[in-house]
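Protein chains: 2
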Amino acid sequence: MRSWLFVLCLLPSLSFAAEGMWTFDALPTAAIESSLGVKLTPEWVTRVQHGAARLSSGCSASFVSEKGLVLTNHHCVRGCISQLSKPGRDLLGLGFTARRPAQELECPALHVQQLTGMEDVTAKVEKAVEGKKGKARADAMRALKASLEAPCSEKPEQRCEVVSFFGGGRHVLYTYRRYTTVKLVWAPEFPTAAWGGYADNFHFPRFGLDAALLRVWENGKPATTPQALGIAREPLKAGDPSFVAGHPGGTERQVTMAQLTWQRDVVLPSTLIELAELRGLLLAHRATTRGDKTVVDARLRSIENGLKALSGRHKALGDPSFFAKLVEEEQRLRREVGKNPAQAQKVKGAWEEIEEALTTYASFRDEHRLFALAQAFPGELFGHARDLMRAAVEKDKPDGLRLEGYTQAELPALQARLGSTAPVRADLEALQLGFGLRRMRELLGADHPLVQRVLGREDPEAMAERLVKTTRLDRHQTRLALFSGGMSAVAKSDDPMLLLAAEIEMEARTLAARYREEVETPIRAASQRIAEARFAVDGTNGYPDANFTLRLSYGRVEGWTEAADREPVAPLTTFGQALDRATGTAPYALAPSWIRARSRIRRETPFNVSSSHDIIGGNSGSPLLNANGEVAGLVFDGNLHSLGGRYGYDVPKNRAVSVHMDAILESLRTIYRASHLADELVPPVAVKVTAEESP
Amino acid sequence: MRSWLFVLCLLPSLSFAAEGMWTFDALPTAAIESSLGVKLTPEWVTRVQHGAARLSSGCSASFVSEKGLVLTNHHCVRGCISQLSKPGRDLLGLGFTARRPAQELECPALHVQQLTGMEDVTAKVEKAVEGKKGKARADAMRALKASLEAPCSEKPEQRCEVVSFFGGGRHVLYTYRRYTTVKLVWAPEFPTAAWGGYADNFHFPRFGLDAALLRVWENGKPATTPQALGIAREPLKAGDPSFVAGHPGGTERQVTMAQLTWQRDVVLPSTLIELAELRGLLLAHRATTRGDKTVVDARLRSIENGLKALSGRHKALGDPSFFAKLVEEEQRLRREVGKNPAQAQKVKGAWEEIEEALTTYASFRDEHRLFALAQAFPGELFGHARDLMRAAVEKDKPDGLRLEGYTQAELPALQARLGSTAPVRADLEALQLGFGLRRMRELLGADHPLVQRVLGREDPEAMAERLVKTTRLDRHQTRLALFSGGMSAVAKSDDPMLLLAAEIEMEARTLAARYREEVETPIRAASQRIAEARFAVDGTNGYPDANFTLRLSYGRVEGWTEAADREPVAPLTTFGQALDRATGTAPYALAPSWIRARSRIRRETPFNVSSSHDIIGGNSGSPLLNANGEVAGLVFDGNLHSLGGRYGYDVPKNRAVSVHMDAILESLRTIYRASHLADELVPPVAVKVTAEESP
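Protein chains in written order, with our numbering: chain X, 62 to 756; chain H, 62 to 756.
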C-alpha cells in the first residue's frame, strides 16, 4: 500500500524520517540515503539480517556476542521468568544474574530464530493456482506450500515458511535457523523493567530498563554465533540516523473501513471496558494480598498494557482527521480500481461482503467469544481442562482432520505447557474466572440457555471459588497423567473443571464453526480480492502489512511536538532524571539494587531514547542500530501516538521508545554486578573471538 | 423534529404504538385514537396532568391518594433513604414502613411539583427580542423571563419557569404547585427494589419492586390532594392501550452528527472505561468489606446503572443502521434548509462551528474534566471542600456576579447539603479519591505541571488515604461552622482537603472559563441557528426534545422480538417466576420479608410489565396509566434498546419497563404488612373522600 503519507518519505528535504516496515529483500535504499544520508551496502543489509532474531514468545531480539548472547526485552521473557520463579526464588521480583554459564536457567518454551534466506516463489505459486478457484485454489496453494516447506523440516534446527505479502500478491519462502535451547542469563527486577507502570507505559519521557539477556546453547554448551552484531562504541545522540531491525507482528493498514469501524465501535470498546473492570478488580485485590505481590503485579501489567495499547488504537480511530485519511485512502483505491473495468468487475461487492459478514457476526459475537474463545472462563485452569479434553478427542483422529493446536506436531508444545511446574495462583484464578462467569451472565442475560446450563442457580463468584478449590488441574502431575492417559483417563475423571469444559464443548465447536463459515471465510475471500485489486493498482511500491517477518525501519533519534503550545519532547532521558523522579512507592520506587548503587550511578548516562521509527507490537526487543549497523539501543515501546500505528503511520508524532545501550552496559556494571556480561558485550580489548577459542 | 420514524406513528394500520414524548398542550389525539382506539377527552388530559408530579431528585411521580400519598420509584428516593439511615436503623438494607402518619420520616432535600398551568409566551418573547442580536438578545430574553416568572415567586408553594422548546422555536410559561414537606411512607429493601442487580438492569423479563410511597405534608399534617389519580381496578394485560405521564429528562434527537460522533468516539468510551474500573475496584472492595455492605451496594448500583445505560447508548451509536438513520435525518434537514436561500444563509457554517468547537475541546478535555469538573477528586469530601471555599469567596460578591450554585437563592440548599448528618464512608471516599488521583496521573502523565502540583512525590492512593484520614470535613458540625464562618473561617483553616481545593482553584476556574468561551458558547449559538432552521422547515409537527417537562407517551403493553430466530419476549412477568429465579445469593437473593411471606405469595400475580412507550431517564417513577387514566403500573426502567432512545426511537424494540400495580398492592398486603397503605390506595369501599373529610 502506498499510504497517504508514503510520498512524504521520498522527499529528501524532510528532516524527519519515514513510514514503512520494509522487508530486507526490498529496502528503499535510495530513499534512505536521501533522507538520512546513510548508504546501506549489501554487506550491511546481510549482516543486520543475520544478527537479528525473533523469539517464539512473539518478540524480536538480536545476537550480541559470538558466544550466543541474545538481547531482548524483559517483558519478552517475563513468561519464562515467572515459570522459573518459585517460593524462595523470586526471579521476577528480585531479578537474576548468572555469574557463569553453568548458572544460566533454561526457558523451556522459548526458541530463537534467525532469518537465513528469502526466496521469491510468487511465480511458482501463480503457476500452481493458475485457472483454479475457491477450494481447488486453496488446495493447490496448500500442496505447493507443503512441498516447498518440506525439505526444511528434516533438520530440527531449520524451519521454512512460505509467507504471503500484499494480501497474497507476493509469496516468499523464508528459511530460519532455529535455536531450541535458550537460557536466561540476566534480568533486572520486574519493577525496574516496568518502571513507571501503567502511568508511564506508552509515554515518553521514560525510564524503563526493559532489557534481558538470554543465551542460545547447542550440544550442552553456549552456541557459537559469529553473526552477532557489534555493540555501538559511540553513544547514540539526538538527531542520529538509526535503524530498527525487528519483527513487527501485525498491522491493519489495508483493511476496509467496515473492519475499522467494527474495531472502533464494537471490538475495542467492549474489550477496553472488560480490561478496565478486570484492572479494578486486580488493583483492589492487590491491596488486600498478603505476602508476595509480584505475580499480581505482573498480571496487572499485562492487563494494563493491553488497556493502554487498545485505548491508543481506539483513540486513533476516534480521531476525526486520522480516520478521514483512512477513509480517503480507501476511496482512492476504489477510484483507481474503478478505472480498470476488468479489475473493477473482479472486486465488485468485496467491500460489501465484508460489511455483511460483520453484521452477521454482530448477532452472535458475544456467544462466540464467551464460549468458542472461552472468554467466559479466563485463567489457566480452564485452559488446561479444554486442552486435556480436546487432546484426548483429537489424538484419535488422523492428523489432517484435527483441530488446530492438536496436530501431532503441536502436541509436544502442549505437553510442555501442561507439564509446567509454575504454581497456579488460586486467588487470581478465582478472581478471573468469577469475572468471566459474571460477565457471561451480564452479556447474555440470566435467562440465556447457555448461561443457565453453566451457572444453574449458582452465583458466578461462588462457582468460580468452588471450581478453583475443587479441581486438581492445578497439579502438573495430574495434568500429565490425564494427558498421557488420553480419552479413557479423561472420560473417567470427575474433575469439575474438565466437566465444565465438556459441558459446553459442543456449543463451543458449533460457534467456532459458524464463525469460520459465516465470518472468517467470507472476509478472507473478499479481502483477497481487494488485495489483488490493490496489488494491480499499487504494485509493490510500498511495504506490505506487518506479519512477524523481519523488517527494517529507518529514522532518527528525535522527540516530537505534542501541540503547538507545548514544549517539544526531548529524545533522551538520563539516569539522573530517573533518580529525581523516584517517589519511594510503586510505580516510581527504586529497587534495592538501585538504592545500594545510587552513589555510584552516573547521572548523565542516557537511559531511554525516542526515535522516529515505524514499529508495532512484535518489534519489542528489536535492536536500535546506528548507521554502522551496531546495536545502540533496545526497542521496548512506543509513545501514545505509536498506538494508532496499527492503522496508519503518523509521521510527526509516532515515536519508538528504546533503552539506550549505555544504560544497559552501565547498569550491568554498576547496579547488577555483572561486569562479566558487559565485558562479553563490549570486550575490553576488541579482540575478535573466533569459534575455535570459545569454551 | 420529524424523525425518520415519525411518519410511522401516523399510520393507523400499525398495531404497535409510537415514538414521541408529547407536551400536554399539543397531544396528537387523532393519532392516538387511530392507533390505540382511545379517545382522550380534555377532561382526561387535565386530570392526568394534575395527577402527575415531578421530584426534585430528577424523577417523576404521581399523586395516588387524596391524603397526599405519592408513588415513585425506590431508586428515586434512595438518596433520602440513605440519609435517613444510621447505625441501628438500616432503612436501605431492611426497608421501611410507617404504620401511621406520625411515623413517617421527612426527606429534607426532596420537593414534589405538580404542573398547574402552561401559557404560550412565544409571541411575547419574539416581540421582546425583535431585531436584537447576540448579547442584547440574550439580555432582553433574560429580562422578559424574569418579569414573567416573578409573580410566581411570591408564594412559596408556587414556582414558574419559562421553558424553551424546539431549540428556542417555542416558549411556554410553566406554573407549578410545589410541596416542600415530603415524608417517606414505605420503601421495600434495596435488594428487592434492585433485584437482579447489574445483570437484570435494563433487561426484561424482569422482577424488580422498584417502588416507594411518599406523602406530601402541609401545615403539620398530610396534605389534601384531590388531584390524586385513581388506581386501576382491572389489572393491565398484554395488548392493553396505555399511557405514561412523566418528566423525561433529556434527549439528544436534534444534535449534529459531529456531536454524536464526539459522544460515540470520545465521551462515552472514556466514561465507560472509568466506570468499569471503578466498578471492579468496588466489587473487590465489597468482597473484603466486613459488616454492612448496603452502602457499598448502593454506590455500586449507581455506577453499574451508569455503566449499563451508557453502554446501551454507545451500542446504539455504534450500530451502523441506527447511526445511518441519524446521518440521513441530518442530511434531510440540510437539504430542506438548502431549498430556502435566506434560511440557508442564516444557518451557514453552523454545523462546522460545532465540529470546530469540539476539536478545540479535544485538546483540553482531560484537564477540564479532571479539574474544573473535579473528576480527579471524586467523593463527597472534596465536594464539600470546594463548596465551602467557593461559598466563602462568592458570598462577598453581588448576587449577579456569583458563580452558578452560589447565589443567594441557592445558598440554603447548599447549607442543607453541608449540614447533612448522613455519615461519610471513609473507605469509599479513599477508594474513589485514590482512583481519581491515579486516573489524573495516567491521563495527563506524571510530568504534567498540575499533576506535580497536586501529587508532589506522593502516591495517589496514599495521598487519598491521608486526606480522608486527616480532613475534618466528614463532620457536619465542622462543615456548618466553616460555612457560617465564611471567608475568615475558611482562610484560617488548615484542613488538607480545603487546602487541596484552594491549590487548584485558579486552574479550575480558568479551565471552566475556557470551556464556556471556546466550547459551550459557540456550540450553543450554532445549535440555536440550526434549531431555527429546523423550526422553519418542520414547525411543531413533531414533539420537542425532552427537557424535564411533563410529557405523555402512548403505547401498549407488549414485548418485542429480539431477532428473527428468537422467541418473542412476553410482556408480563409474575411473582411465581421471581420465586423460581431466586438463587439465594445476590443479586437473586430473596429478602427475609419475602422468605417469611413465601407461602402466602400468589404466584400468578403480575410483577413487571414491558410496554411500547417512548421514555427516557427522568421518566423513572412515572405512572403507567390505563385507557381511563388510572394508575396501573409504575415505570422504573427500559429494556436495552431503550438506551439508544436518547438519540432516536427504535419502534420495534424500544420498551419501557414498569412494576405492575398488582405487585405493589399485593406486596404491601402480603409481604410488607402494610394493608393500611394498600387500603389507602384502593379504599375497600370506593367512597370518595372529599377535602372536607380529610383529617
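Every residue, glycine too, gets a C-beta built ideally from N, C-alpha and C.
Which chain X residues sit within Cβ distance under 8 Å of residue 597 (chain H)? Against the second sequence, residue 597 (chain H) aligns to sequence position 536. By Cβ distance, chain X contributes nothing, its closest Cβ being about 29 Å from residue 597 (chain H), past 8 Å.
Should residue 680 (chain H) be labelled buried (16 or more other beta-carbon atoms within 10 Å of its own) or exposed? Taking the first residue of the second sequence as position 1, residue 680 (chain H) is located at position 619. Residue environment for residue 680 (chain H): buried (at least 16 other C-beta atoms within 10 angstroms of its C-beta).
Same chain, Cβ closer than 7 Å to residue 490 (chain H), neighbours up to 5 away in sequence not counted: Translated into the one-based positions of the second sequence, residue 490 (chain H) becomes position 429. The answer, listed in chain order, is 440, 441, 442, 529.
Could you please give me the residues that DSSP links to residue 123 (chain X) through a beta bridge? For this step, residue 123 (chain X) is matched to residue 62 along the first sequence. Paired residues: X:113, X:132.
Taking Cβ positions only, does residue 334 (chain H) come closer than 9 Å to chain X? Counting from one through the second sequence, the residue named residue 334 (chain H) turns up at place 273. So yes, residue 334 (chain H) belongs to the interface.
Find out if the Cβ-Cβ distance for the pair residue 757 (chain X), residue 131 (chain X) is shorter than 9 Å. Since the displayed chain X opens at 62 and closes at 756, residue 757 (chain X) lies outside it and no answer follows.
Would a C-beta distance cut-off of 9 Å place residue 647 (chain H) and residue 252 (chain H) closer than the cut-off? As a first step, residue 647 (chain H) is located in the second sequence; it is residue number 586 there, counting from the start. As a first step, residue 252 (chain H) is located in the second sequence; it is residue number 191 there, counting from the start. Against a cut-off of 9 Å, the Cβ pair of residue 252 (chain H) and residue 647 (chain H) comes out as a contact.
Thinking C-alpha only, which one of X:401, X:434, X:235 is nearest residue 610 (chain X)? As a first step, residue 610 (chain X) must be located in the first sequence, where it is residue number 549. It is X:235 whose Cα lies nearest to the Cα of residue 610 (chain X).
CA nearest to the CA of residue 408 (chain H), picked from H:418, H:394, H:421: Within the second sequence, numbered from 1, the residue matching residue 408 (chain H) stands at position 347. Of the candidates H:418, H:394, H:421, the one whose C-alpha sits nearest the C-alpha of residue 408 (chain H) is H:394.
Quick test of the definition: if touching needs 3 or more C-beta pairs under 8 Å, does the segment 705–713 of chain X touch the segment 666–681 of chain X? Below 8 Å, enough C-beta pairs join the segment 705–713 of chain X and the segment 666–681 of chain X to call them touching: three or more.
Any C-beta of chain H under 9 Å from that of residue 580 (chain X): Numbered from 1 along the first sequence, position 519 holds the residue referred to as residue 580 (chain X). Not flagged as an interface residue toward chain H: residue 580 (chain X), since no C-beta distance is shorter than 9 Å.
Pull out every residue of the segment 421–441 of chain H whose Cβ sits closer than 7 Å to any Cβ of chain X, in chain order. Legend: CB atoms of the segment 421–441 of chain H lying less than 7 Å from CB atoms of chain X belong to residues 424.
Which runs of the alpha helix (DSSP H), 4 residues or longer, sit entirely within the segment 525–584 of chain X? Those alpha helix (DSSP H) runs which fall completely within the segment 525–584 of chain X and span 4+ residues are 537–553, 557–564, 566–576.
Is the shortest distance between the beta-carbon of residue 522 (chain X) and the beta-carbons of chain H less than 9 Å? Start at 1 with the first residue of the first sequence, and residue 522 (chain X) comes out as number 461. By this cut-off, residue 522 (chain X) is an interface position.
Under 7 Å Cβ-Cβ, which residues of chain X neighbour residue 259 (chain H)? Along the second sequence, read from residue 1 onward, the residue named residue 259 (chain H) stands at position 198. Near residue 259 (chain H) (Cβ distances below 7 Å), the residues of chain X are 503.
Does the distance from the CB of residue 375 (chain X) to the CB of residue 381 (chain H) come in under 9 Å? Counting from 1 along the first sequence, the entry for residue 375 (chain X) is found at position 314. Counting from 1 along the second sequence, the entry for residue 381 (chain H) is found at position 320. With contacts defined as CB atoms closer than 9 Å, residue 375 (chain X) and residue 381 (chain H) fail to qualify as a contacting pair.
Once you ignore the five residues that flank residue 151 (chain X) on each side, which residues in its own chain have a CB closer than 8 Å to its CB? Sequence index remark: in the first sequence, residue 151 (chain X) carries index 90 (1-based). Taken in chain order, the residues that qualify are 353, 355.
Simplified DSSP assignment, three categories, for residue 406 (chain X): Here residue 406 (chain X) corresponds to residue number 345 of the first sequence, with the count starting at 1. Three-state result, residue 406 (chain X): helix.
Span of the beta strand (DSSP E), counted from its first residue to its last, around residue 671 (chain X): Walking along the first sequence from the start, residue 671 (chain X) turns up at place 610. For residue 671 (chain X), the enclosing beta strand (DSSP E) stretches over residues 667–672.
On the DSSP letters alone, give me the boundaries of the alpha helix (DSSP H) that residue 141 (chain X) sits inside. Position 80 of the first sequence, counted from the first residue, corresponds to residue 141 (chain X). Unbroken alpha helix (DSSP H) run through residue 141 (chain X): 139–145.
In terms of residue numbering, what span does the beta strand (DSSP E) encompassing residue 244 (chain H) cover? As a first step, residue 244 (chain H) must be located in the second sequence, where it is residue number 183. First-last of the beta strand (DSSP E) with residue 244 (chain H): 242–248.
Sub-9 Å separation of residue 438 (chain X) and residue 517 (chain X) beta-carbons: Numbered from 1 along the first sequence, position 377 holds the residue referred to as residue 438 (chain X). Numbered from 1 along the first sequence, position 456 holds the residue referred to as residue 517 (chain X). No, the pair does not count as a contact, with Cβ atoms beyond the cut-off.
Keeping to the same chain, check which residues put their C-beta closer than 6 Å to that of residue 713 (chain H); ignore five residues upstream and five downstream. Sequence index remark: in the second sequence, residue 713 (chain H) carries index 652 (1-based). Nothing listed; no residue qualifies.
Selection from X:160, X:168, X:267, X:730 that minimises the alpha carbon distance to residue 633 (chain X): Taking the first sequence and counting its residues from 1, the one referred to as residue 633 (chain X) is at position 572. Residue X:267 is the option with its Cα nearest to residue 633 (chain X).
Span of the beta strand (DSSP E), counted from its first residue to its last, around residue 431 (chain X): The residue labelled residue 431 (chain X) in the question sits at position 370 within the first sequence. First-last for residue 431 (chain X): undefined, no H or E at that position.
Nearest neighbour of residue 299 (chain X), chosen from X:107, X:171, X:616, X:430 [CA to CA]: Locating residue 299 (chain X) in the first sequence gives position 238, counting from the first residue. The shortest Cα separation from residue 299 (chain X) among X:107, X:171, X:616, X:430 belongs to X:616.
For residue 226 (chain H), which beta-bridge partners are listed by DSSP? For the purposes of this step, residue 226 (chain H) is identified with residue 165 of the second sequence, where counting begins at 1. DSSP output for residue 226 (chain H) lists H:231 as bridge partner(s).
Quick check on DSSP: helix, strand or coil for residue 644 (chain H)? Working through the second sequence from its first residue, we reach residue 644 (chain H) at position 583. In the structure shown, residue 644 (chain H) adopts coil according to DSSP, grouped into three states.
Chain H residues whose Cβ lies nearer than 7 Å to that of residue 327 (chain X): Stepping through the first sequence from its first residue, residue 327 (chain X) is reached at position 266. Within chain H, the residues near residue 327 (chain X) are 379.
Return the chain-ordered list of same chain residues with a C-beta closer than 7 Å to the C-beta of residue 523 (chain X), the five sequence neighbours on each side being excluded. Start at 1 with the first residue of the first sequence, and residue 523 (chain X) comes out as number 462. No residues qualify anywhere along the chain.
Hey, is the segment 623–633 of chain X in contact with the segment 83–99 of chain X, meaning 3+ C-beta pairs nearer than 8 Å? Cβ pair count under 8 Å is below three, so no.
Under 8 Å by Cβ, that's how I've got residue 114 (chain X) and residue 175 (chain X) pegged, so tell me the actual separation to the nearest angstrom. Locating residue 114 (chain X) in the first sequence gives position 53, where the first residue counts as 1. Locating residue 175 (chain X) in the first sequence gives position 114, where the first residue counts as 1. Sure, about 5 Å apart at Cβ, within 8 Å.
From X:717, X:180, X:468, X:542, pick the residue whose C-alpha is nearest to that of residue 222 (chain X); which is it? Residue mapping note: residue 222 (chain X) aligns to position 161 of the first sequence, counting from 1. The shortest Cα separation from residue 222 (chain X) among X:717, X:180, X:468, X:542 belongs to X:180.
Using the beta-carbon of each residue, which ones in chain X are nearer than 9 Å to residue 468 (chain H)? The residue you call residue 468 (chain H) lines up with position 407 of the second sequence. Identification of chain X residues near residue 468 (chain H) by a Cβ-Cβ cut-off of 9 Å yields none; the smallest Cβ-Cβ distance measures about 35 Å.
Thinking C-beta only, is residue 690 (chain H) closer than 9 Å to residue 290 (chain H)? Here residue 290 (chain H) is taken as the residue at index 229 of the second sequence, counted from 1. Here residue 690 (chain H) is taken as the residue at index 629 of the second sequence, counted from 1. The answer is yes: Cβ separation under 9 Å.
Whole-angstrom distance between residue 357 (chain H) and residue 684 (chain H), CA atom to CA atom: The sequence position of residue 684 (chain H) within the second sequence is 623, counting from 1. The sequence position of residue 357 (chain H) within the second sequence is 296, counting from 1. When rounded, the separation of the alpha-carbon atoms in residue 684 (chain H) and residue 357 (chain H) is 30 Å.
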